[in-house]
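Position in the sequence shown (from 1) plus 145 gives the number in my numbering.
Even for Gly, the Cβ is constructed at its ideal location relative to N, Cα and C.
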Amino acid sequence: MPESRGINGTQMSSFTIYDNALTGMDNVNFDAFGLSYSGESLAIIDNSIPGQVTYSVFGNKSVDTFVVDYSTISGGFVIDDIVATYGGILSFEAHNVGAFVTATQIANNDLFSSIPLDGFNTFNGNSYNDVINAGAGNDAVYGNDGNDSIFGGEGDDYLDGGAGIDVLYGGWGNDTFVFDDPSDQFSDDGGVDTLIVTYNNAELPDGPNWIENLLFAGEGNFTGRGNALGNMILGGAGRDVIYGNGGDDLLVGEGGNDVLIGGKGKDTFVFDAALGTAKTDRKVNFDTIKDFKVTDDTIWLETAVFRKLTKSGTLSKSYFTIGAAAKDKNDYIVYDSKKGILYYDADGSGRGQAIEFAQLSKNLKMTNKDFYVL
């Protein structure tokens with residue numbers, strides 16, 4: 146007959162369950178008042194103060210399930226280590242609770258079979274091939290090493306497979322996918338989604354699975370291409386080439402001397418990187434817009450960079466002029482139509498030298514309405 150034991154957890158901030166000796170399927174159930182265990186039937190009463198409590202669970206040779214239900218108590222807890230040993234597979238389920246989970250591997254195990262976590266959760270996989278089911282809620286899941294399969298479920302999820310060739314399933318919601326390898330794959334059911342890549346050449350696919358935004362988080366020069374949707378594409382610190390392609394796109398070169406091509410649609414080009422000086426301007430964060438259209442496109446200027454532009458909204462008419470130089474003291478943005486160069490002149494017609502910050506086509510019929518101040 147199974148033996149039952151109880152442990153009072155009033156002052157307890159952590160506990161550990163070891164199940165290395167048993168075989169077969171075992172279940173651990175925790176409901177905020179107690180923990181029951183079938184097999185040897187271990188019961189632990191946890192009346193600790195709501196907050197961060199650490200549990201370590203070590204599985205056996207077969208299949209174990211660890212179930213947590215915190216529906217009757219406020220606060221949260223941390224699952225510090227969940228380990229399936231000797232080739233066993235451990236399944237973790239959490240309900241009505243925010244959990245931070247770190248998976249630890251110690252012996253002969255391939256993966257966690259499935260880890261459904263309802264609510265807001267953070268999960269870290271291990272160096273093996275993990276299969277992680279985050280469930281409903283806004284989750285952050287990190288597969289780390291291995292070829293992982295990660296299911297975000299409903300909610301706005303952040304899914305990072307880490308090293309290896311990973312498959313990320315976003316589900317419904319505004320999801321973020323992190324790709325460390327061009328062979329990584331994704332699937333999504335809807336929402337405004339973002340792809341973050343660390344490699345140097347990426348293109349957003351055209352349906353049936355759409356991603357709207359593309360961000361480069363790697364090093365070196367980046368080439369990024371959008372799809373038929375309205376995309377937001379952000380480069381990095383290198384010499385990037387960014388294509389919006391179809392749709393109304395927002396292109397941000399960030400640092401470096403970048404080339405921006407909006408393509409079809411009403412596109413926006415953002416200048417928010419620190420400018421150089423009059424001596425170094427074309428060498429520091431000087432971008433080229435290949436296809437600026439005055440009838441459709443807009444240039445956004447960040448006030449933290451263009452500090453004389455203190456009022457958000459459409460650029461003031463008095464702040465813009467066309468010519469080789471500023472004509473009065475508040476001509477801060479100058480378009481040289483003969484050269485196609487945009488200048489920022491912090492003191493207008495004063496003695497300070499203007500700084501070149503962008504190359505456009507020549508002879509454009511530009512006005513102040515082509516600029517928006519952030």
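Asp-301 (DSSP reduced to helix, strand or coil): For the purposes of this step, residue 301 is taken as the residue at position 156 of the sequence shown. Of the three classes helix, strand and coil, the one that applies to Asp-301 here is coil, per DSSP.
Distance cut-off 7 Å: Ala-499 Cβ against heavy atoms of the ligand NAD: What this structure holds is no ligand at all, so the ligand NAD is not there to describe.
Pairwise C-alpha distance: Gly-318 and Gly-383: Position 238 of the sequence shown holds residue 383. Position 173 of the sequence shown holds residue 318. Answer to the nearest angstrom: the Cα atoms are 32 Å apart.
Three-way DSSP call (helix, strand, coil) for Asp-481 in this model: Reading the sequence shown from its first residue, position 336 is the one you call residue 481. It is a strand residue.
Where Tyr-273 sits in the DSSP three-state scheme: As a working mapping, residue 273 is identified with position 128 in the sequence shown. Tyr-273 falls in the coil class under three-state DSSP.
Through-space distance from Asp-334 to Thr-161, alpha-carbon basis: Against the sequence shown, residue 161 aligns to sequence position 16. Against the sequence shown, residue 334 aligns to sequence position 189. Low local confidence applies: a pLDDT of 43 at Thr-161 is under 50, so the model's placement there is unreliable, with the coordinate-based value given in what follows. Distance between the alpha carbons of Thr-161 and Asp-334 is about 39 Å.
Residues bridged to Asn-346 [DSSP beta-bridge criterion]: Reading the sequence shown from its first residue, position 201 is the one you call residue 346. In the DSSP assignment, Asn-346 is bridged to Thr-368.
Local conformation of Ser-551 per DSSP, three classes: No answer is possible for residue 551: the residues shown for the chain start at 146 and end at 519.
Local conformation of Ser-457 per DSSP, three classes: In the sequence shown, counting from the first residue as 1, residue 457 sits at position 312. Looking at Ser-457 - three-state DSSP - the assignment turns out to be coil, as it is neither helix nor strand.
Of the listed residues Asn-283, Ile-310, Ala-373, Phe-296, nearest to Asp-290 (C-alpha basis): On the sequence shown, residue 290 is found 145 positions in, with the first residue counted as 1. Residue Ile-310 is the option with its Cα nearest to Asp-290.
The segment 393 to 402 / the segment 470 to 477 touching (three or more Cβ pairs under 8 Å): no
With 16 other Cβ atoms within 10 Å as the buried cut-off, status of Asn-271: On the sequence shown, position 126 is the one that residue 271 refers to. Asn-271 is buried by the Cβ-count criterion.
Which residues DSSP lists as bridging Gln-504, in chain order: Position 359 of the sequence shown holds residue 504. DSSP output for Gln-504 lists Thr-433, Ile-486 as bridge partner(s).
Rounded separation between Gly-493 and Lys-472 - CA only: Counted from its first residue, the sequence shown places residue 493 at position 348. Counted from its first residue, the sequence shown places residue 472 at position 327. Distance between the alpha carbons of Gly-493 and Lys-472 is about 7 Å.
Status (buried if at least 16 other CB within 10 Å, exposed otherwise) for Asp-351: The residue given as residue 351 occupies position 206 in the sequence shown. The residue is exposed, with fewer than 16 neighbouring Cβ atoms inside 10 Å.
For Asn-278, three-class secondary structure by DSSP: Residue mapping note: residue 278 aligns to position 133 of the sequence shown, counting from 1. Residue state, collapsed to three classes: strand.
Cβ contact (3+ pairs, closer than 8 Å) linking the segment 431 to 449 and the segment 503 to 518: yes
Nearest-angstrom Cβ-Cβ length linking Asn-283 and Gly-300, presumed shorter than 8 Å: Translated into positions along the sequence shown, residue 283 becomes position 138. Translated into positions along the sequence shown, residue 300 becomes position 155. Sure, about 4 Å apart at Cβ, within 8 Å.
CA-to-CA distance, Thr-448 to Phe-416, given in whole angstroms: In the sequence shown, counting from the first residue as 1, residue 416 sits at position 271. In the sequence shown, counting from the first residue as 1, residue 448 sits at position 303. Approximately 10 Å, taken between the alpha carbons.
Range covered by the beta strand (DSSP E) that runs through Ala-285: In the sequence shown, residue 285 corresponds to position 140, counting from 1. Taken as a continuous stretch (DSSP letters only), the beta strand (DSSP E) holding Ala-285 covers 285 to 287.
Segment limits, beta strand (DSSP E) that includes Asp-415: The count along the sequence shown starts at 1 and reaches residue 415 at position 270. First, the amino acid is wrong: residue 415 is Val here, not Asp. 413 to 416 is the extent of the beta strand (DSSP E) around Val-415.
As assigned by DSSP and simplified to three states, the class of Asn-358: Here the question's residue 358 lines up with position 213 in the sequence shown. Reduced to three states, the DSSP call for Asn-358 is strand.
Integer-rounded CB distance, given that Ala-373 should sit under 8 Å from Asn-390: Here residue 390 is taken as the residue at index 245 of the sequence shown, counted from 1. Here residue 373 is taken as the residue at index 228 of the sequence shown, counted from 1. Right, their Cβ atoms sit about 7 Å apart.
Distance, Asp-305 Cα to Asp-329 Cα: One-based indexing of the sequence shown puts residue 329 at position 184. One-based indexing of the sequence shown puts residue 305 at position 160. Between Asp-329 and Asp-305, the C-alpha separation is close to 10 Å.
Nearest to Lys-428 (by Cα), restricted to the options Leu-340, Asp-403, Gly-407: Counted from its first residue, the sequence shown places residue 428 at position 283. Selected option, being the one with the closest Cα: Asp-403.
For Tyr-489 and Phe-451, believed in contact at Cβ under 8 Å, the rounded distance: Position 306 of the sequence shown, counted from the start, is the residue given in the question as residue 451. Position 344 of the sequence shown, counted from the start, is the residue given in the question as residue 489. That belief holds up - the Cβ atoms of Phe-451 and Tyr-489 are roughly 6 Å apart, short of 8 Å.
Identified DSSP bridge partners for Ser-463: Here residue 463 refers to the residue found at position 318 of the sequence shown. DSSP lists no partner for Ser-463.
Residues near Asp-385 in its chain [Cβ-Cβ closer than 8 Å; skip 5 each side]: By one-based count along the sequence shown, residue 385 stands at place 240. Answer for Asp-385: Phe-361, Asn-366, Phe-367, Thr-368, Gly-369, Gly-398, Glu-399, Gly-401, Asp-403, Val-404, listed in chain order.
Backbone CA spacing between Gly-458 and Leu-505 [nearest angstrom]: The residue labelled residue 458 in the question sits at position 313 within the sequence shown. The residue labelled residue 505 in the question sits at position 360 within the sequence shown. Answer to the nearest angstrom: the Cα atoms are 22 Å apart.
Bridge partner(s) assigned by DSSP for Ile-295: Taking the sequence shown and counting its residues from 1, the one referred to as residue 295 is at position 150. According to DSSP, Ile-295 bridges with Ile-277, Leu-313.
Boundaries (first-last residue) of the beta strand (DSSP E) holding Val-439: The residue you call residue 439 lines up with position 294 of the sequence shown. Where Val-439 is concerned, there is no enclosing beta strand (DSSP E), given that its DSSP letter is neither H nor E.
Range covered by the beta strand (DSSP E) that runs through Leu-420: Counting from one through the sequence shown, the residue named residue 420 turns up at place 275. Here Leu-420 belongs to no beta strand (DSSP E), and DSSP marks it neither H nor E.
One or two residues paired with Phe-516 in a DSSP bridge: Taking the first residue of the sequence shown as position 1, residue 516 is located at position 371. BP columns for Phe-516 point to Ile-444.
Proximity winner among Lys-424, Leu-519, Gly-381, Thr-443, relative to Gly-410 (alpha-carbon distances): By 1-based counting over the sequence shown, the position of residue 410 is 265. The shortest Cα separation from Gly-410 among Lys-424, Leu-519, Gly-381, Thr-443 belongs to Thr-443.
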